[in-house]
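Here the sequence shown stands for residues 1 to 224, where the numbers follow full-length UniProt numbering. The beta-carbon is built from N, C-alpha and C at its ideal position, and this holds for glycine as well. Predicted model only: the values in this text are computed from it and were never measured.
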Amino acid sequence: MSSCELLQQVAEARKEVEKLLWGPDVRWDVCKQAKGITVYKTYCVESKSHAFKLEGIIGDATVEEISYRLHPLGPYRTLWDSQLAGLELVEEVAADALIVRHMTKPQLMGLVSARDTIDLSHFRAEEKVRSVVMTGVDHSAVPPQSGIVRAWTYPSGVFLSPATEKSPATKVTTLLHAEMQLPLLPKAIAEAFVPGALIQFFSDLRKSAKIPNRHHERVLNGWP
């Protein structure tokens, strides 16, 4: 697939993410709450599965500070995420788009084995908001590996915006919609662990705000 085709694909994914998050006809139901964090779910007919949305606020940290900790090419990303086994840059598609391999650790005492996804990621900075939208792709450089289940990311994303005008605080809005490839489990059971995983992700990200800032010379694609 050419760079132009990949950029068109991720542009369509961004539209889908924004429609899911803020479309007037989408109904979100609360499915889990913890420590100022709320996780919602909505059913998607096309995938016959639920998409999940998390909303939470990280105090005493600006959008820029949190975005540096979130970006896969930054110096922090692999330091704070307790569910992440590793990251691999597969291809730099454009100045604001990357293909990244995300590798996750086994979950639920090994019930959910190690997984990876190959994600086309598009980064955007506009006004005071920074966002990354991801969608799954196939790539010849990273075929499935033995012992790791290849999952699939439907259009998903993270949006960072100022929580208030007066103090440094960041609102985090996350959309996760994925096929986890758990064929031996009923869909409802397979999806049951997702809200907890999202809350763990946010809790880890919130703690990362306390990591001392590091100097890094590499330009973070899409987030100057």
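Where the beta strand (DSSP E) containing residue i begins and where it ends
i    : result
D119 : 115–126
L70  : First-last for L70: 63–70, but that is the alpha helix (DSSP H), not the beta strand (DSSP E).
R130 : 129–136
Q33  : 29–34
I211 : It is not in any beta strand (DSSP E) - I211 carries neither H nor E in the DSSP assignment.
K41  : 37–44
Terminal residues of the alpha helix (DSSP H) in which residue i lies
i    : result
P143 : Element bounds for P143: n/a, residue is neither H nor E.
D204 : 194–208
T78  : 77–80
Q8   : 3–22
Length of the line joining the Cα atoms of residue i and residue j
i    : j    : result
H139 : V132 : 20 Å
R115 : K166 : 41 Å
I37  : A163 : 14 Å
Q145 : L79  : 24 Å
R101 : T135 : 12 Å
Q107 : H71  : 23 Å
V129 : L160 : 6 Å
P195 : F52  : 7 Å
F201 : L176 : 11 Å
E12  : E127 : 21 Å
V45  : E16  : 13 Å
M109 : I189 : 15 Å
M103 : A141 : 15 Å
K207 : R77  : 12 Å
A34  : S2   : 43 Å
L87  : K105 : 12 Å
D81  : K210 : 13 Å
L111 : S47  : 23 Å
P212 : L120 : 29 Å
K187 : S49  : 8 Å
P168 : G147 : 43 Å
A151 : R14  : 20 Å
V90  : P143 : 11 Å
Per DSSP, cross-strand counterpart(s) of residue i
i           : result
I99         : E91, L120
L175        : K53, G157
Q107        : V112
A169        : G59
residue 245 : Given that the chain is displayed from residue 1 to residue 224, the structure contains no residue 245 and the question cannot be resolved.
Nearest-angstrom beta carbon gap, residue j and residue i [assumed within contact, 8 Å]
i    : j    : result
A178 : S203 : Their Cβ separation, rounded to whole angstroms, is 19 Å, which puts A178 and S203 out of contact at 8 Å.
V137 : I118 : 6 Å
F123 : W22  : About 19 Å; that fails the 8 Å criterion.
D29  : K41  : 6 Å
R69  : L205 : 7 Å
L84  : N221 : L84 to N221, Cβ: 19 Å. No contact.
Heavy atom of the ligand COA within 7 Å of residue i beta-carbon
i   : result
Q33 : With respect to small molecules bound, the structure shown includes none, and the ligand COA cannot be examined in it.
(message) Across the segment 169–182 and the segment 52–60, are there enough close Cβ pairs to call them in contact, namely three or more that are closer than 8 Å?
(response) Cβ pair count under 8 Å is three or more, so yes.
(message) Using 8 Å as the cut-off, can you tell me whether the segment 59–73 makes contact with the segment 179–193, which would need three or more C-beta pairs spanning the two stretches below that distance?
(response) No, they do not touch.
(request) Spell out a yes or no on whether the segment 92–99 and the segment 7–19 are touching, meaning 3 or more CB-CB pairs, one atom from each, closer than 8 Å. (result) A contact is defined here as three or more CB-CB pairs under 8 Å, and the segment 92–99 meets this definition with respect to the segment 7–19.
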